[in-house]
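The structure under discussion appears below in the form of structure tokens.
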Amino acid sequence: MEVSAHADDYQSSFRDILWLQSFPLNEQTILHYFALSPYYDRSCNNERLKMQRLSTDQLKNMRGIEYEVAPNTAKQLPQQIFGIRKQRREGRTQIKLMAMYYVLEGTIYQSPNIHAMLSSRLRTCSFRVEKSFQMLAKGVRFSPTEGYAWDFSTNEKKEPVIPSELLQLKWKQTNERLERKKEQSTRVDAIIVQLMKQYAPEMIGKVVDKEEKHPAMETNNTIKPQ
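Here you go:
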């Protein structure tokens with residue numbers, strides 16, 4: 001007897017609302033409901049017995065694919081989840097499990113096998129480890145003279161954490177502050193001179209005469225390079 005090939009389908013699910021509104025789900029009706037889903041193999045022994053109107057007790061005497069309801073070991077009442085085994089029977093006591101399905105509140109899913117579950121977990125772990133290394137690489141700072149340093153600040157403009165770079169940044173900020181102060185002083189002086197020319201032009205002449213009479217003062221205030 002030719003056995004149809006099995007194909008796993010973990011991405012889809014099945015639910016028949018009209019059937020659920022008409023019939024209850026229990027151990028006696030769950031296989032009838034499962035037979036409506038695309039997971040059900042029409043060439044199975046359950047279908048043959050149903051067409052011949054025979055009891056499912058005859059499955060043990062047959063060979064091939066069959067479906068069996070897993071026992072309710074949790075003794076759940078009312079039962080909300082059902083397990084269904086798809087298995088190949090090769091003898092009365094020789095059974096090979098092909099797939100496992102579960103019905104949760106009327107929706108049918110295929111349960112992933114150990115290989116699929118471990119592969120998914122390993123892919124998730126590998127992805128997270130790779131993301132961790134990428135985040136660590138973004139925080140590395142290196143100086144040939146001072147070695148490695150770490151910077152995990154969330155600011156868009158990261159401040160240097162290597163001492164020499166930090167010192168250079170402080171010197172740069174100090175020079176920029178002095179330049180701004182000098183520009184502000186020059187701007188204020190220009191405004192004062194403009195106001196004096198407009199409202200007190202005679203004061204401009206006195207200031208110029210005073211500077212001409214004391215040229216040594218300007219010379220003394222000038223810092224000569226050593």
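Reminder that position 80 of the sequence shown reads as 80 in the UniProt record's numbering, one-by-one numbering, no gaps. Every residue gets a Cβ at the ideal spot worked out from N, C-alpha and C, and that includes glycine. Values in this document were obtained by computation on a predicted structure and should not be read as measured data.
Buried or exposed: residue i, going by 16 or more other Cβ atoms within 10 Å of its Cβ?
i, result
"Asn175", "exposed"
"Ser12", "exposed"
"Cys44", "buried"
"Tyr40", "buried"
"Ala99", "buried"
"Phe127", "exposed"
"Ile191", "exposed"
Which residue wins for smallest C-alpha separation from residue i, given the options the options?
i, options, result
"Gly64", "Asp16, Leu97 and Val103", "Leu97"
"Gly91", "Met135, Asn26, Glu105 and Leu59", "Leu59"
"Ala35", "Leu167, Tyr199, Ala137 and Val103", "Val103"
"Leu77", "Asn26, Val140 and Ser126", "Asn26"
"Ser120", "His6, Tyr10 and Ala5", "Tyr10"
"Glu68", "Asp8, Arg53, Lys197 and His32", "His32"
"Gly83", "Gln94, Thr93 and Pro112", "Pro112"
With C-beta atoms as the reference, is residue i less than 8 Å away from residue j?
i, j, result
"Arg89", "Met62", "yes"
"Ile108", "Ser37", "yes"
"Asn72", "Thr56", "no"
"Arg85", "Ala70", "yes"
"Gln110", "Asp16", "no"
"Gln52", "Glu66", "no"
Consider the Cβ of residue i: report whether some Cβ of chain B lies at a distance smaller than 8 Å.
i, result
"Lys182", "Protein chain content of the structure displayed is limited to a single chain, and chain B is not contained in it."
If I measure Cβ to Cβ from residue i and keep anything under 7 Å in the same chain, skipping five residues before and after, which residues do I get?
i, result
"Leu20", "Gly106"
"Leu18", "none"
Excluding the five sequence neighbours on either side, which residues of its own chain have a C-beta within less than 8 Å of the C-beta of residue i, listed in chain order?
i, result
"residue 232", "The requested residue 232 does not occur in the structure, where the chain is confined to residues 1 to 226."
What does residue i pair with, by DSSP beta-bridge criteria?
i, result
"Ala190", "Answer is none; Ala190 lacks a bridge partner."
"Tyr102", "Gly83 and Tyr109"
"Tyr148", "Phe142"
"Leu97", "Gln87"
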